[in-house]
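Single-structure report; data block below.
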Amino acid sequence: MNIIDGFRRLFSGKSGETTEGKDTPVGYSFNGDELYKDDIVADIKQKLEKRRSERRTFEAQWLLNANFLYGHQYCDINVHTGEIETIEPLFDYSERGVFNRIAPLIETRLANIRTVKYAMTVNPRTSEIEDWEKADISSKLLRYTQSHTNFNSKLSDIAIPWAELTGTSFILSWWDTSKGAEVARIEHVEVDENGEETRTTETIYQGDLNYGVLSSYEVFPESLYKQEIEDQHDIIIEQIMTVEEIYDRYNIKVDGRQCQTYVLSPIAAAGGLGQENSVFGLSRQTVENSETVITYFERKSRAFPEGRTIIIIGDELIYYGPMPYEQIPLVAIKSKIVVGQFYGKSVIQDLIPLQRAYNAVCNKILEHVQNIASNAITVEQGSLIDIDEYIENGIPPNAILEYQKDSKPPQPLQRAPLDQATLSQYQSLKNDMEYVAGISQLMVYGDTPSGVDSGVAIENLRQIDSTRLSLTTENIRSSVRKIAILWLKIYKEHMTGYGVCQIAGSNDVGGVLTWCSDDINSFDVEFDTENELVFSQEKQRQNFIEAWNMGLFRDADGTIPREITTKFLELMKLGRYSDMMGVEDLQRQTAQRENTFFLNGVIPQRGEYDDDDIHLYEHKKFVLQMKFRVMQSKNPEYCARFYAHMKEHEAAIAQKLVAQQQILGGEQGAAIAAPGDIYG
Numbered sequence: 006m007n008i009i010d011g012f013r014r015l016f017s018g019k020s021g022e023t024t025e026g027k028d029t030p031v032g033y034s035f036n037g038d039e040l041y042k043d044d045i046v047a048d049i050k051q052k053l054e055k056r057r058s059e060r061r062t063f064e065a066q067w068l069l070n071a072n073f074l075y076g077h078q079y080c081d082i083n084v085h086t087g088e089i090e091t092i093e094p095l096f097d098y099s100e101r102g103v104f105n106r107i108a109p110l111i112e113t114r115l116a117n118i119r120t121v122k123y124a125m126t127v128n129p130r131t132s133e134i135e136d137w138e139k140a141d142i143s144s145k146l147l148r149y150t151q152s153h154t155n156f157n158s159k160l161s162d163i164a165i166p167w168a169e170l171t172g173t174s175f176i177l178s179w180w181d182t183s184k185g186a187e188v189a190r191i192e193h194v195e196v197d198e199n200g201e202e203t204r205t206t207e208t209i210y211q212g213d214l215n216y217g218v219l220s221s222y223e224v225f226p227e228s229l230y231k232q233e234i235e236d237q238h239d240i241i242i243e244q245i246m247t248v249e250e251i252y253d254r255y256n257i258k259v260d261g262r263q264c265q266t267y268v269l270s271p272i273a274a275a276g277g278l279g280q281e282n283s284v285f286g287l288s289r290q291t292v293e294n295s296e297t298v299i300t301y302f303e304r305k306s307r308a309f310p311e312g313r314t315i316i317i318i319g320d321e322l323i324y325y326g327p328m329p330y331e332q333i334p335l336v337a338i339k340s341k342i343v344v345g346q347f348y349g350k351s352v353i354q355d356l357i358p359l360q361r362a363y364n365a366v367c368n369k370i371l372e373h374v375q376n377i378a379s380n381a382i383t384v385e386q387g388s389l390i391d392i393d394e395y396i397e398n399g400i401p402p403n404a405i406l407e408y409q410k411d412s413k414p415p416q417p418l419q420r421a422p423l424d425q426a427t428l429s430q431y432q433s434l435k436n437d438m439e440y441v442a443g444i445s446q447l448m449v450y451g452d453t454p455s456g457v458d459s460g461v462a463i464e465n466l467r468q469i470d471s472t473r474l475s476l477t478t479e480n481i482r483s484s485v486r487k488i489a490i491l492w493l494k495i496y497k498e499h500m501t502g503y504g505v506c507q508i509a510g511s512n513d514v515g516g517v518l519t520w521c522s523d524d525i526n527s528f529d530v531e532f533d534t535e536n537e538l539v540f541s542q543e544k545q546r547q548n549f550i551e552a553w554n555m556g557l558f559r560d561a562d563g564t565i566p567r568e569i570t571t572k573f574l575e576l577m578k579l580g581r582y583s584d585m586m587g588v589e590d591l592q593r594q595t596a597q598r599e600n601t602f603f604l605n606g607v608i609p610q611r612g613e614y615d616d617d618d619i620h621l622y623e624h625k626k627f628v629l630q631m632k633f634r635v636m637q638s639k640n641p642e643y644c645a646r647f648y649a650h651m652k653e654h655e656a657a658i659a660q661k662l663v664a665q666q667q668i669l670g671g672e673q674g675a676a677i678a679a680p681g682d683i684y685g
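Quick note on numbering: the sequence shown equals residues 6 to 685 in this note's numbering.
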């Protein structure tokens, strides 16, 4: 059963009967007591408020992280109220500039994290041919879901930035019965008191997987000190949705109200010499025409073998019933894992103390420069004729100072030079912040540290940077793998009938994937590539070039195969590579495309200008692959026609050899006959 079906038969109890009304129990407690709607709503909201209070310190830290990221850096957490408060300057003349290094450091981290790819493959459950076929279908289904739902963009643009900001973000997945192919239309007829009929049409869809990104603010675990979601007894999700969003997702109309949520808003911050400037910070604001949606997931247990799902909108119980999934359909994405803690940690939290010190040092340098440029002077008492004017307006450029005759003329104020310790601390703080962020000058500016000019040393430095940042990307990859496994389980549990997906095939050939829930029997998922931050494309290219220079790609006769040369040109990423392709490359590409056409039900035909040697070579590689063996086990007659196509190439090759031998034999005969002619 899925959630939407539960809405249609509201509040099914243990007996499975539809129960409505305030005095009718809708479920049973752990002790077997009857539960009513109001009791359930009150209990869930009580748990929610208790958990909100317990995690108040975490929430305050997330707010502080956001304020520092967006530029409001003269603030701190009030330990008594848990609120973010602006720190007032000690003196009106204090310089309070913000020199935000956290923002570019986080942007650099995000830019490097974006290079990681998340394409995955499902391994077969056994070595049987049938399991290989099902694993291939599952792999294509995963790739289709990632591509069709724009998963990589949602991950890079929403989920990972939230994880970098608060330490954790979440992906919530569910089976959406309002998506997928249309399977039926049901017409409903309602008769009012006057006997007039009202006809409405309900469209029934096949259903499809859906998912969304949640921030840390929206997820409340049972315990803050159980690290994994699998260890939590239950999880509460609180979301603020507009009435339109609620209607689209739950098909329920509610009256909107004012709700509190977190939004970016301008904040007045004090500057130097009593001036004010405006920066952005994250704070609680009121949104209109919205309502609170609370979703409660309780995992399967002895007391509730099917688990429980409870949905509350406002103060109304919308759904109470078993959890329609094998596990809580939530996966956490963490920037930095904290052992024994549910929420991860943001690198911003470690950067905040350094950013405070950096601002202080930069403002000290700025004050020194401004004091030098302020034209401060020393004068003998009573020497200036109109001293009040200069006190009020200062000394503008090209000003003429009138002073009393026979008095000492005004002199520029002598200031001590900026001490070396301040400059040294300035550079040290910059380096420390880069180190804490897991990056270096090479990533931030593209510059190498002073004294590092060796190519090997630079590459080692790059690898060190990537390895440190790869700790975060490995956490993300691990979470994405959990998401893929969860998706496969949801597909298997809820898909009915056959699904049809338009997929992008290899060799520029599209295809259609037809599948059903029985085609999913393995949840052993692995990534197609290594972590690009650990083994970057640049490193792969360098290794390939080294192997090329060492001659490792040469055949026994010392030549390099054409396909290796093609791979070399691809790795060089030369522009308009297709224009550089020779006839051999085009022949090879055509043969590979014929292989793909065959997988999609098209028997290839030998062309007049086919290079039979290249085509036969590519077809032999194809028939030795597992996907051809799978097809052969299911449809040997169809595969026999491909073998017949290969025989045509073999016959053409043999015919060319015979023709060449005849030509060669004729030339040798002419050479032998020549002496007989000479001697008569």
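Where a beta carbon is used, it is the ideal one built from N, C-alpha and C, also for glycine.
Mind checking who residue i pairs with in its DSSP beta bridge?
{"i": "THR91", "result": "CYS80"}
{"i": "GLN244", "result": "VAL298"}
{"i": "PHE175", "result": "LEU219 and ALA337"}
{"i": "ASP711", "result": "No answer is possible for residue 711: the residues shown for the chain start at 6 and end at 685."}
{"i": "THR266", "result": "GLN290"}
{"i": "HIS193", "result": "THR205"}
{"i": "GLN610", "result": "Looking at the DSSP assignment, GLN610 forms no beta bridge with any residue, so it has no partner."}
{"i": "MET555", "result": "For MET555, which the question treats as bridged, DSSP gives no partner whatsoever."}
{"i": "GLY32", "result": "LEU40"}
{"i": "THR519", "result": "VAL505"}
{"i": "PHE104", "result": "Note: PHE104 sits in no beta bridge, so no partner."}
{"i": "THR383", "result": "GLN416"}
{"i": "TYR210", "result": "GLU187"}
Going by alpha carbons, who is nearest to residue i out of the options?
{"i": "CYS367", "options": "LEU669, VAL663 and ASN105", "result": "ASN105"}
{"i": "THR126", "options": "GLU133, SER132, LYS139 and THR120", "result": "LYS139"}
{"i": "PHE347", "options": "THR171, GLU90, LEU428 and GLN211", "result": "THR171"}
{"i": "THR478", "options": "ARG57, GLY102, GLU39 and VAL121", "result": "VAL121"}
{"i": "GLN630", "options": "GLY612, PRO609 and THR601", "result": "THR601"}
{"i": "CYS506", "options": "ASP213, LEU219, ARG204 and THR131", "result": "ASP213"}
{"i": "LYS442", "options": "PRO109, PHE96 and GLU642", "result": "The identity of residue 442 in the sequence shown is Ala, whereas the question assumes Lys. The candidate whose alpha carbon is nearest that of ALA442 is PRO109."}
{"i": "GLN290", "options": "ILE299, GLU296, ASP524 and GLN265", "result": "GLN265"}
{"i": "PHE603", "options": "SER144, ASP141 and PHE647", "result": "PHE647"}
{"i": "LEU177", "options": "ASN83, ALA71, LEU146 and SER221", "result": "SER221"}
{"i": "MET246", "options": "GLN332, ASP260 and ASP239", "result": "ASP260"}
{"i": "ASP391", "options": "THR383, VAL588, GLN409 and SER58", "result": "GLN409"}
{"i": "TYR440", "options": "ILE107, GLU201 and SER638", "result": "ILE107"}
{"i": "LYS763", "options": "VAL103, TRP553 and ASP181", "result": "Look at the range of the chain in this structure, 6 to 685, and you will see that residue 763 is not part of it."}
{"i": "VAL530", "options": "HIS193, ALA124 and LEU115", "result": "ALA124"}
{"i": "GLU321", "options": "GLU198, ILE163, TYR41 and ALA186", "result": "TYR41"}
{"i": "ALA649", "options": "LEU95, ILE608 and LYS305", "result": "ILE608"}
{"i": "PRO334", "options": "GLN425, ILE353, SER295 and LEU219", "result": "LEU219"}
{"i": "VAL344", "options": "GLU233, PHE73, GLU293 and GLU250", "result": "GLU233"}
Could you spell out the range, first to last residue, of the alpha helix (DSSP H) harbouring residue i?
{"i": "VAL635", "result": "631-639"}
{"i": "MET438", "result": "425-441"}
{"i": "THR564", "result": "From DSSP, THR564 is part of no alpha helix (DSSP H); its letter is neither H nor E."}
{"i": "PHE627", "result": "617-628"}
{"i": "THR1", "result": "The structure shown does not extend to residue 1, since the chain is modelled only from 6 through 685, so no value can be given for it."}
{"i": "PHE156", "result": "156-159"}
{"i": "PHE225", "result": "From DSSP, PHE225 is part of no alpha helix (DSSP H) but of the beta strand (DSSP E) over 224-226."}
{"i": "ASN70", "result": "61-75"}
{"i": "GLU135", "result": "134-153"}
Is there a Cβ of chain D sitting closer than 8 Å to that of residue i, yes or no?
{"i": "TRP137", "result": "No chain D appears in this structure, which consists of one protein chain only."}
Can you tell me where the beta strand (DSSP E) with residue i in it begins and where it stops?
{"i": "ARG313", "result": "313-318"}
{"i": "LEU323", "result": "Note on identity: in this sequence residue 323 is Ile, with Leu being the wrong assignment. Segment 321-326, the beta strand (DSSP E) holding ILE323."}
{"i": "GLU531", "result": "530-532"}
Which parts of the region 387-417 are runs of the alpha helix (DSSP H), unbroken and 4 residues or longer, counting only runs that do not cross its ends?
-> DSSP runs (the alpha helix (DSSP H)) wholly in the region 387-417: 392-398.
If we count Cβ pairs, one from each stretch, closer than 8 Å, do we get three or more for the region 323-331 versus the region 304-311?
-> Segments in contact, yes.
Sufficient close CB pairs (3 or more, under 8 Å) joining the region 158-172 to the region 63-73 = By the criterion of at least three beta-carbon pairs nearer than 8 Å, the region 158-172 is in contact with the region 63-73.
Inspect the CB distances between the region 657-670 and the region 612-622 and report whether three or more fall short of 8 Å.
-> In short, these stretches touch, since the Cβ pair count reaches three.
Taking three-plus beta-carbon pairs below 8 Å as touching, is the region 154-162 in contact with the region 312-319?
-> Contact fails: fewer than three Cβ-Cβ distances are below 8 Å.
Touch check for the region 334-350 and the region 40-58: three-plus C-beta pairs under 8 Å?
-> The answer is no - the region 40-58 does not touch the region 334-350, with fewer than three Cβ pairs under 8 Å.
Three or more beta-carbon pairs under 8 Å between the region 486-502 and the region 520-531, yes or no?
-> A contact exists between the region 486-502 and the region 520-531.
Does the region 344-359 touch the region 219-229, meaning 3 or more C-beta pairs lie closer than 8 Å?
-> Yes: at least three Cβ pairs fall under 8 Å.
Mind the definition here: the region 292-306 touches the region 233-245 only if three or more C-beta pairs lie below 8 Å; say whether that holds.
-> Of all C-beta pairs linking the region 292-306 to the region 233-245, three or more are shorter than 8 Å, placing the two stretches in contact.
Can at least three beta-carbon pairs, one atom from the region 176-194 and one from the region 128-137, be found at a separation below 8 Å?
-> Counting C-beta pairs closer than 8 Å gives fewer than three between the region 176-194 and the region 128-137, which falls short of the contact rule.
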